[in-house]
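Those letters in the sequence shown? Residues 1 to 271, by full-length UniProt numbering.
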Amino acid sequence: MQSLPRCARLQLRFSFTRWCGCGIVPSTRAASTPLRSTLLRSRRRVEAAIAGGGPDIVFQPIVRARDGVIEGYEALSRFPAGGGDTEAWFADAAQCGLGPVLDRSAAVKALGESARLPDGCFVAVNLSAATLLVDAALVDVLLDFGRRRSLVIELTEHAAQDDEDAVMAVLAEFRRGGVAVAVDDVGSGYAGMRQLVVLEPQIIKLDAFVVHGMKGNRVKSALAELVLEFARKTEARCVFEGIETDDDLEAAMSIGADLLQGFRVGRPATV
């Protein structure tokens with residue numbers, strides 16, 4: 001899971017100055033001096049990571065609950081130590097106007113390295129809705145990949161209501177091309193009921209906050225059962241993220257989980 005804040009509507013009114021990779025990269029000159037200094041440092045750090053080939057990619061298995069068979073892998077980004085966790089890197093990239101560029105770098109690298117994964121397994125790649133709206137070339141790359149291997153696009157942040165039509169048009173293109181759409185972080189507060197209704201995902205990922213420690217917690221269990229029932233009635237599949245302990249696994253199995261992800265069933269690894 002790689003969530004990042006919205007980058008299509010930065011609170012700062014950046015002036016667009018140049019093209020970089022997939023699209024327009026905003027300038028930081030309009031920001032106040034202290035904030036501009038912070039943004040410039042973040043930008044240099046992110047630019048260095050991109051110039052160095054992008055983040056390292058690890059793949060975490062997603063397994064079928066009933067028999068433990070691996071059905072797919074989620075591609076996760078890993079960055080150099082000392083710069084914060086993955087979420088912080090993508091947040092910094094978004095704030096300094098490089099969100100779509102870093103998104104593209106990670107996604108393209110993940111697609112390339114996925115060639116070493118076992119045949120027959122899907123590959124899940126994290127992308128923001130904002131990136132899909134500004135990078136038509138990347139959409140074409142994803143569609144081409146989806147013709148050769150099962151691909152899932154995990155939306156890591158969600159479009160504002162006035163962007164929904166544009167996002168839906170891109171997602172419809174994915175579906176026509178055989179690329180599945182997943183909504184991440186369901187139950188965390190970021191992926192609300194509106195997103196499930198509007199986006200109609202084929203895969204719903206129940207947030208680790210709900211799944212971890214679910215055993216003995218009637219509120220978490222009730223929410224998990226609700227999401228699982230919604231998935232079944234809409235012919236979607238439901239991934240229980242955050243399976244870290246035997247208790248987590250037992251609780252997920254007891255309420256009929258479909259797919260599982262977490263350290264207890266498979267750690268992220270390079271391929």
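By construction, the Cβ of each residue, glycine as well, lies at the ideal position given by its N, Cα and C atoms. Predicted model only: the values in this text are computed from it and were never measured.
- Met214 counts as buried, since at least 16 other C-beta atoms from the protein chains shown sit within 10 angstroms of its C-beta.
- Contact between the stretch 76-90 and the stretch 137-153 is not established, with fewer than three Cβ pairs separated by less than 8 Å.
- In this structure, the beta-carbon distance from Ser128 to Thr156 falls below 8 Å.
- Within the stretch 93-161, the alpha helix (DSSP H) runs of at least 4 residues that lie entirely inside it are, in chain order, 99-113, 129-134, 136-146.
- Per DSSP, Pro80 has no beta bridge partner at all.
- For Val63, the beta-bridge partners assigned by DSSP are Ile70, Leu260.
- Going by DSSP, Lys205 is part of the beta strand (DSSP E) stretching over 203-206.
- Under the DSSP definition of a beta bridge, Ile50 lacks any partner.
- DSSP places Arg175 inside the alpha helix (DSSP H), whose first and last residues are 164-176.
- Just measuring C-alpha positions, the residue of Val197, Ala107, Gln261, Glu250 sitting nearest Ile153 is Ala107.
- When DSSP states are grouped into helix, strand and coil, Arg237 belongs to the strand group.
- Here Thr131 is buried, its C-beta having at least 16 other C-beta atoms within 10 Å.
- Looking only at Val210, Asp207, Val197, Asn217, the smallest Cα-Cα distance to Lys233 is reached by Val197.
- Between Val179 and Leu199, the gap from beta carbon to beta carbon reaches 8 Å or more.
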